[in-house]
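Number of protein chains: 2
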Amino acid sequence: MNIVIIGFGSVGRGVTRVLIEKKKFLRNFLGDYKVIAVTDSSGGIYDENGLDLRKVLEMKSKGGLPKEITSIEVIRDLDFDVCIEVTPTNVENGEPGLTHIRECLKKGVDVVTSNKGPLVVAFRELMNLAKKNNARLMFEATVGGAMPVIKLAKIDLAGNEILSVRGILNGTCNYILSRMEKELLPYELILEEAKELGIAERDPTYDVEGIDAGAKLVIIANALMGLDAKFKDVERVGISNLTPEAFKVALENGYTIRLIAEANRDFLRVSPRLVPLNHPLAIYGTLNALEIETNLAGNVFVIGKGAGSVETASAIISDLICLKSLRY
Amino acid sequence: MNIVIIGFGSVGRGVTRVLIEKKKFLRNFLGDYKVIAVTDSSGGIYDENGLDLRKVLEMKSKGGLPKEITSIEVIRDLDFDVCIEVTPTNVENGEPGLTHIRECLKKGVDVVTSNKGPLVVAFRELMNLAKKNNARLMFEATVGGAMPVIKLAKIDLAGNEILSVRGILNGTCNYILSRMEKELLPYELILEEAKELGIAERDPTYDVEGIDAGAKLVIIANALMGLDAKFKDVERVGISNLTPEAFKVALENGYTIRLIAEANRDFLRVSPRLVPLNHPLAIYGTLNALEIETNLAGNVFVIGKGAGSVETASAIISDLICLKSLRY
Chain L
168 MNIVIIGFGS VGRGVTRVLI EKKKFLRNFL GDYKVIAVTD SSGGIYDENG
218 LDLRKVLEMK SKGGLPKEIT SIEVIRDLDF DVCIEVTPTN VENGEPGLTH
268 IRECLKKGVD VVTSNKGPLV VAFRELMNLA KKNNARLMFE ATVGGAMPVI
318 KLAKIDLAGN EILSVRGILN GTCNYILSRM EKELLPYELI LEEAKELGIA
368 ERDPTYDVEG IDAGAKLVII ANALMGLDAK FKDVERVGIS NLTPEAFKVA
418 LENGYTIRLI AEANRDFLRV SPRLVPLNHP LAIYGTLNAL EIETNLAGNV
468 FVIGKGAGSV ETASAIISDL ICLKSLRY
Chain V
168 MNIVIIGFGS VGRGVTRVLI EKKKFLRNFL GDYKVIAVTD SSGGIYDENG
218 LDLRKVLEMK SKGGLPKEIT SIEVIRDLDF DVCIEVTPTN VENGEPGLTH
268 IRECLKKGVD VVTSNKGPLV VAFRELMNLA KKNNARLMFE ATVGGAMPVI
318 KLAKIDLAGN EILSVRGILN GTCNYILSRM EKELLPYELI LEEAKELGIA
368 ERDPTYDVEG IDAGAKLVII ANALMGLDAK FKDVERVGIS NLTPEAFKVA
418 LENGYTIRLI AEANRDFLRV SPRLVPLNHP LAIYGTLNAL EIETNLAGNV
468 FVIGKGAGSV ETASAIISDL ICLKSLRY
């Protein structure tokens, strides 16, 4: 299996580390594999006999990849089996990932991605392109990091119809809301704490306004429920107006407040919602959770780490293994 | 795909109903399928061109299946692709399921089962037999009903090592403990309530002494962690000695009490344990839950309905679909 890695930020390097450290173990599943190219937005390196990944990581940490080849040259000119597309997400136009994924699928090459942008912008187009070219597009890592969602619904719950989904798809928001529940302190104070801990970005808009959760919801709804939803179809309310008083009243009545992303046949919505304290979605810290309503299995809940470079790598690795061993 | 159904109790009939009602939908996954034989402990019927399943259900409800053929004759003499083995569980000697499954695997036929007994008694033997004869044994329905466990760990978390598992594997116990937590009433009273609601059996030993949870734990530990554990390896304490006072003290300290089944490299144990009230395993009612500790994905939790004929049928159907479309 010849692999190329397009994008070499936190996720790309996380995958690379796992491919190095677990090589012997992963060969049981993947057979012989080698990475023949690694690129990022400013450089790229290739060796059709397989790169020394430890050296590539070292180059990246010491000033960046050399400028031997660009991402698009790798995709157009090299001969490979799987592209791991892990460039940064852009939910407006999906680029540069959208072009990368399109070009791979057009030449019949399988893609594994953690990049939400292309799937939010062009889910059906990409799925149809994959089908037409007998290629596969795997995207477990786009939704919920290490929390299994796509394969759980498609394989573990195969034969079920997915009627609705409802969950917590952003760990930063969940951390902030968990802390507000516990401390009954204002949003702004807790947000500062989250920034200091590296849980919230300096500009937290993408998380706290529900953009990240909304993007994941679009992908989940399209993949699991056969919809063709776009990002603009998501009604969206963030968490920045929540007050300690709201939590106080909720708690007195046996509830907490969480940012819930919900999709059904009628709407897609991300908004703060009351959740009973003993409900499986009343989770704490940076965890993510999803409730999947099915026609046979009842409601199934999954809870896991929604972010982290090794956790996201785990989702990418499981997609790689599935590419090798199954069609669904 | 030619299917035989061995065992026609609640689960066998649940599967049959789904195969009838969802036929058009399931053909997308399974292709053309027909059930050519159905048997139970007192009778059996077959038609190599495919049975009319509605009529078979009707016969069963009106006095039982005819005595055309026995289970073992079906397995030895008919030509089929998959056996759905759903006879009652016996954790002492695994019979009659153990013989049924052995005979199927010996002739290279795939088996899907909800029967814990054979897997508790002879897990490694059966897995080796399957491998040797290029057949597959699927057993999602033996552990946690509609709660995905086996495929979740093997496929969704493929590439991870499973370090330990910990969970709630018996809905009857969880119902009783949830109610004791809420009402602070004695075990005996709540048990009576559960019996009246049909949640506990008249003889509740199998559930409340942790036998059912222990059997599931053996299967999960063997399948996910590569162990060769037997039922006797499970340290086991039931819930019948728990008092309202114990719950009172636990609650005052932010905990509840649940019957936790746990397996790691050192022990397999089923016992009442303190669980923090805001922990994902602090679930209520008849739900089941499992925490899977992995080396890459962190801890993943899954929660779902652990029993019910349609829910168990869902797990069997997903196994059938996987047989059709993947190897793992």
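Here the protein sequences line up with chains L and V, keeping their order. Numbered as in the working numbering, the first sequence ends at 495 without a single skipped number. Numbered as in the working numbering, the second sequence ends at 495 without a single skipped number. C-beta atoms are modelled at their ideal positions from N, C-alpha and C, and glycine is treated no differently. Computed from a predicted structure; not experimentally measured.
Review point. In three-state terms, what does DSSP make of L:Tyr200?
Key: coil
Check your understanding: Under the DSSP definition of a beta bridge, which residues are partnered with V:Tyr422?
Key -> V:Pro443
Check your understanding: What three-state label does DSSP hand V:Asn431 in the structure shown?
Key -> coil
Review point. With a Cβ-Cβ cutoff of 8 angstroms, do L:Ala380 and L:Val287 count as a contact?
Key: no
Point to revise | Selection of the region 266-298 of chain L by Cβ proximity to chain V, strictly under 9 angstroms | key: none
Check your understanding: For the 8 angstroms Cβ check, are there 3 or more pairs between the region 277-287 of chain V and the region 185-193 of chain V?
Key -> no
Review point. Taking Cβ-Cβ distances shorter than 7 angstroms, what residues in chain L pair up with V:Tyr342?
Key: The contacting residues do not exist; V:Tyr342 stays about 14 angstroms from chain L at best.
Practice item. Please name the residue in L:Glu188, L:Val241, L:Val375 whose C-alpha comes closest to that of L:Arg221. Key: L:Glu188
Practice item. Under 7 angstroms Cβ to Cβ from L:Asn257, same chain only, skipping five residues before and after it: list those, please. Key: Gly284
Check your understanding: Quick one: which chain L residues come within Cβ less than 7 angstroms of V:Leu499?
Key -> The structure shown has nothing for residue 499 of chain V, since chain V only spans 168 to 495.
Exercise for review: For L:Ala388, I'd like the list of residues in its chain whose CB is within less than 8 angstroms of its CB, leaving aside the five on either flank, ordered along the chain.
Suggested key: Val332, Leu394, Ala396, Ala430, Leu435
Practice item. Rank L:Ile239, L:Ala480, L:Thr423 by C-alpha distance to the C-alpha of L:Thr309 and give the top, closest one. Key: L:Ala480
Exercise for review: Taking V:Lys472 as the query, report the chain L residues whose CB atoms sit under 9 angstroms from its CB, ordered along the chain.
Suggested key: Ala464, Gly465, Asn466, Val467
Check your understanding: With 8 angstroms set as the bound, which would you pick, yes or no: does the beta-carbon of V:Ser481 sit closer than that to a beta-carbon of chain L?
Key -> yes
**Study point:** Buried or exposed by the 16-neighbour rule on C-beta atoms within 10 Å, applied to L:Pro233
**Key:** exposed
Review point. Closest Cβ-Cβ distance between L:Phe434 and chain V: below 8 angstroms?
Key: no
Practice item. Decide if the region 175-184 of chain V is in contact with the region 352-368 of chain V; the criterion is three or more beta carbon pairs, one per stretch, under 8 angstroms apart. Key: no
**Study point:** Where L:Phe306 falls: helix, strand or coil (DSSP)
**Key:** coil
Review point. Of the residues V:Ile366, V:Glu240, V:Glu376, V:Val202, which one's Cα is nearest the Cα of V:Leu487?
Key: V:Val202
Review point. Name the residues in the region 184-198 of chain L whose C-beta lies less than 8 angstroms from a C-beta of chain V; which are they?
Key: Val185, Lys189, Phe192, Leu193, Phe196
**Study point:** Any C-beta of chain B under 8 angstroms from that of V:Ser485
**Key:** No chain B is part of this structure, whose protein chains are labelled L and V.
Check your understanding: Pick from L:Ala474, L:Asn455, L:Ile317: whose alpha carbon is nearest that of V:Phe468?
Key -> L:Asn455
Point to revise | Range covered by the beta strand (DSSP E) that runs through V:Lys472 | key: 466-472
Practice item. Round the Cβ separation of V:Leu358 and V:Ile343 to the nearest angstrom and send it over; I've been treating them as touching at under 8 angstroms. Key: 6 angstroms
Review point. Which residue comes first and which comes last in the alpha helix (DSSP H) that contains L:Ile390?
Key: It is worth fixing the name first, because residue 390 of chain L is Ala in this sequence and not Ile. Segment 378-392, the alpha helix (DSSP H) holding L:Ala390.
Practice item. For the beta strand (DSSP E) containing V:Val241, list its first residue and its last residue. Key: No beta strand (DSSP E) contains V:Val241, which is instead part of the alpha helix (DSSP H) from 238-244.
Point to revise | Beta-carbon neighbours of V:Tyr451, restricted to chain L and to distances below 8 angstroms | key: Asn445
Practice item. Note down, in chain order, each residue of its chain lying with its Cβ closer than 7 angstroms to the Cβ of L:Tyr451, except the 5 sequence neighbours on either side. Key: Ser345
**Study point:** C-beta neighbour in chain V for L:Lys383, strict 8 angstroms
**Key:** no
Review point. By the 10 Å Cβ neighbour count, where 16 or more other Cβ atoms means buried, how is L:Asn216 classified, buried or exposed?
Key: exposed
Check your understanding: Under a three-way DSSP split, which group does V:Thr254 fall into?
Key -> coil
Point to revise | Proximal residues of chain V, C-beta to C-beta of L:Asn327 below 9 angstroms | key: Ala313, Ser481, Ile484, Ser485
Review point. Taking Cβ positions, are V:Gly311 and V:Thr254 nearer each other than 8 angstroms?
Key: no
Check your understanding: Helix, strand or coil for L:Glu458 per DSSP?
Key -> strand
Review point. To which residues does DSSP link L:Glu402 through a beta bridge?
Key: L:Arg436
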